[in-house]
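This note's numbering runs 27 ahead of the 1-based position in the sequence shown. As structure tokens, the structure follows; a few thoughts come after it.
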Amino acid sequence: MTNREATAEIFWTAFRALPKKSRQTIVEKLLQDTDFREDLIDTIILEQRKNESSRPIEQYLANRRRKRN
Numbered sequence: 028m029t030n031r032e033a034t035a036e037i038f039w040t041a042f043r044a045l046p047k048k049s050r051q052t053i054v055e056k057l058l059q060d061t062d063f064r065e066d067l068i069d070t071i072i073l074e075q076r077k078n079e080s081s082r083p084i085e086q087y088l089a090n091r092r093r094k095r096n
């Protein structure tokens, strides 16, 4: 386990040990941070789409142009 992983595990364990209302307050505070919220959304999207097949950017852009017209 790396130092980063160990630190994350300590924080996660401490977070899980908090009462539910305290955990909720922390999550609400995190979501108020625009940069964090955007990073979280990006991470969720990547996780949901990680098993999708990839395609060349040219193909994506061509499909996008066709849909606009």
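Quick reminder that beta carbons are idealized off the backbone N, C-alpha and C, glycines included. Computed from a prediction, not measured in an experiment: that's the story for all the values here.
In the structure shown, the three-state DSSP call for residue 69 is helix. Residue 58 places its beta carbon less than 8 Å from that of residue 64. For residue 91, the enclosing alpha helix (DSSP H) stretches over residues 84-95. In the DSSP assignment, residue 80 falls outside any alpha helix (DSSP H) and carries neither an H nor an E.
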